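What follows is a set of notes on a single structure, which appears directly below.
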Amino acid sequence: MTDRQFIDAAVTQFAVLDALLAGTYDSGMPVKTAKEIGDFGIGCCESLGGEVIIDEGEVFECTVDELPARMTDNGILPFVVVCRFPSATPEPITGLGLAALTDHVERTLVSRNLFHAVRVDGVLRSARVRVTQRQEHPFRPLAEVVNQQVETDLVDVRGTLVGFWAPAIYQGITVAGLHLHFLAEDRSVGGHVLDVTVESASLQIASYSRFDLRLPTDSRFLDTELTHNDDHRIVAVEGGATVGS
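In the numbering used here, the protein residues as written are 35 to 279.
Next comes the structure, spelled out in structure tokens:
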């Protein structure tokens, strides 16, 4: 983006990734509130019971036992990142694996210090997506939950990648680098993206100059002192390409 245009608007996030890593995800943002804030985003279901995609104002949950479905307004999102996605000129992309897609996105950034929303629409040559299984109290840390995640390998599937690129300094608050979820066009499958190869698609990127962090106020969160010591934990549970320098 040689003109370095960005939006004087906010990417809004509820909770922090390090809370999930600590097993602290008792409360969440209602779906209704997330829809009032924005029309584009990603998150996870109540009790880590699946992955969430927000696309064009609709909120979909991808769970272990059911096809992706629209969430009701009273659904709870213990972690969610949401914004309003503007009209953006699509760029055609072809034949990009996850590392190459990440490199391409990073070459397109307005600044490595801003948040960027990333949308890809088209055909994926292949993809691996995961969903996590709903947890019961006492909640386990995210790293233990993903040890039993359900992974699905996809071939020649059409749909939408939805996600964000976040600056490295926010690692632990969120997922630094590129974090994507996928929803098939026919709503047959979706989830958190572990790997992907784009066959032929259009890429849209929007940059944001504000980040609005909203924290839980439930007793477990308030009583759990969060620390961020090991970036490798995030790479392990989120997958994907590592954050560049």
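We put the beta carbon where it would ideally sit given N, CA and C, even for glycine.
All figures in this text were calculated on a predicted structure; none of them were measured in a lab.
Worksheet entry | Beta-ladder partner(s) of His138, from DSSP | For His138, which the question treats as bridged, DSSP gives no partner whatsoever.
Discussion item. Given this structure, state the Cα-to-Cα distance separating Ala161 from Val271, to the nearest angstrom.
Written reply: 17 Å
Worksheet item: In this structure, does DSSP put Asp73 in helix, strand or coil?
Response: It is coil, neither helix nor strand.
Worksheet item: If you measure from the beta carbon of Val184 to each beta carbon in chain D, is any gap under 8 Å?
Response: Annotation note: the requested chain D is absent from the structure, which comprises a single protein chain.
Worksheet entry | Nearest neighbour of Gln205, chosen from Ser121, Arg254, Val50 [CA to CA] | Val50
Discussion item. Comparing C-alpha positions only, which one of Thr46, Cys79, Val230 sits nearest to Val115?
Written reply: Thr46
Discussion item. Please state the DSSP three-state secondary structure of Phe255.
Written reply: If DSSP states are grouped into helix, strand and coil, Phe255 belongs with the helices.
Worksheet item: Are the Cβ atoms of Glu90 and Asp73 separated by less than 8 Å?
Response: Yes, these two residues count as a Cβ contact at 8 Å.
Discussion item. For the pair the segment 127 to 146 and the segment 57 to 74, tell me if three or more CB-CB distances fall below 8 Å.
Written reply: no
Practice prompt. Taking only the alpha-carbon atoms, compute the straight-line gap between Val191 and Val154 and give it to the nearest angstrom.
Written response: 13 Å
Practice prompt. Any chance you could list the beta strand (DSSP E) runs of at least 3 consecutive residues sitting entirely within the segment 182 to 245, in chain order?
Written response: 184 to 200, 211 to 218
Discussion item. Using a Cβ-Cβ cutoff of less than 6 Å, which residues in the same chain neighbour Ala275 once the five nearest sequence positions on both sides are dropped?
Written reply: Residue placement at Ala275 cannot be trusted, given a pLDDT of 45 that sits under 50; the coordinates are not used to answer.
Discussion item. Under 8 Å: do the segment 246 to 265 and the segment 217 to 228 share three or more Cβ pairs, one atom per stretch?
Written reply: no
Worksheet item: Can the beta-carbon of Arg248 be found closer than 8 Å to that of Ala43?
Response: Note that the C-beta distance between Arg248 and Ala43 is not below 8 Å.
Practice prompt. Grab the span of the alpha helix (DSSP H) containing Val179 for me, first residue to last.
Written response: 176 to 179
Discussion item. Leu212 and Val139 - do their beta-carbons sit closer together than 8 Å?
Written reply: yes
Discussion item. On the DSSP letters alone, give me the boundaries of the beta strand (DSSP E) that Asp52 sits inside.
Written reply: Careful: Asp52 lies outside any beta strand (DSSP E), inside the alpha helix (DSSP H) at 51 to 55.
Worksheet item: From Val209 to Thr186, what distance separates their C-alpha atoms?
Response: 22 Å
Worksheet item: What are the uninterrupted segments assigned as beta strand (DSSP E) that are 3 or more residues long and contained completely in the segment 75 to 132, given in chain order?
Response: 85 to 89, 92 to 96, 113 to 117, 125 to 131
Discussion item. With distance defined between alpha-carbon atoms, name the residue in Phe216, Lys69, Asn181 nearest to Ile110.
Written reply: Proximity to Ile110 across Phe216, Lys69, Asn181 peaks at Lys69, based on C-alpha coordinates.
Practice prompt. Measure the C-alpha to C-alpha separation of His150 and Ser241 and round it to an integer number of angstroms.
Written response: So the two alpha carbons sit approximately 4 Å from each other.
Fill in: Residue of Glu100, Ile71, Thr261 minimising C-alpha distance to Gly84
Glu100
Fill in: Limits of the unbroken beta strand (DSSP E) element including Ser61
Where Ser61 is concerned, there is no enclosing beta strand (DSSP E), given that its DSSP letter is neither H nor E.
Worksheet item: If you check the beta carbons only, do Val184 and Val86 fall under 8 Å apart?
Response: no
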